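Below: one structure, written as structure tokens.
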Amino acid sequence: MQSYYPASFDREMGSLEREWLSWLPGAVREHVLTLSTGQAVVTIGTGRLLLSWQTLPPRRIALARFPRLAVTFRFEDLDDAARQTFMRYFDLYMQRGGG
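Heads up: the sequence shown begins at 1 in this note's numbering, then just goes up one per residue.
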């Protein structure tokens, strides 16, 4: 987990779009989530998070193939503490497997 989240950043997520969409409502908790094709708006108090994503070619390691999404995070009108609080839960919720 990061110690600082800037107002805008990009990330590669290891999931299919349908998986991402099924996890997203739980990751934003009680915040209002508005979805449209390839993007979402999360209302967080008086601010918001704009999410956009696109499917990338799968990562190949030997014969294995791993799905990938390029996700853009853009916070508006949220201070550092509010971004940290939101992203701490978001990252924990989205964490899958691994050690």
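Even for Gly, the Cβ is constructed at its ideal location relative to N, Cα and C. Keep in mind the model is a prediction, meaning the values are calculated, not measured.
Tell me R59's beta-bridge partners as DSSP assigns them.
Residue numbering aside, residue 59 sits at position 59 when the sequence shown is read from its first letter. Beta-bridge partners of R59 (DSSP): F66.
What do you reckon, are the CB atoms on W54 and L69 nearer than 8 angstroms?
Position 54 of the sequence shown holds residue 54. Position 69 of the sequence shown holds residue 69. The residue you asked about is not Trp; residue 54 is Gln in the sequence shown. A contact, by the Cβ cut-off of 8 angstroms.
For the beta strand (DSSP E) containing S36, name the first residue and the last one.
For the purposes of this step, residue 36 is taken as residue 36 along the sequence shown, with counting starting at 1. Following the DSSP letters along the chain, one finds S36 inside the beta strand (DSSP E) bounded by residues V32 to S36.
Own chain, CB closer than 6 angstroms to V32, minus 5 neighbours either side, in chain order:
Translated into positions along the sequence shown, residue 32 becomes position 32. For V32, where only same-chain residues beyond five positions count, the Cβ hits under 6 angstroms are T43.
Which value, in whole angstroms, describes the spacing of the CA atoms of S119 and S8?
This structure gives no information on residue 119, because the portion of the chain shown stretches from 1 to 99.
DSSP on L50, reduced to helix/strand/coil?
By 1-based counting over the sequence shown, the position of residue 50 is 50. Strand at L50.
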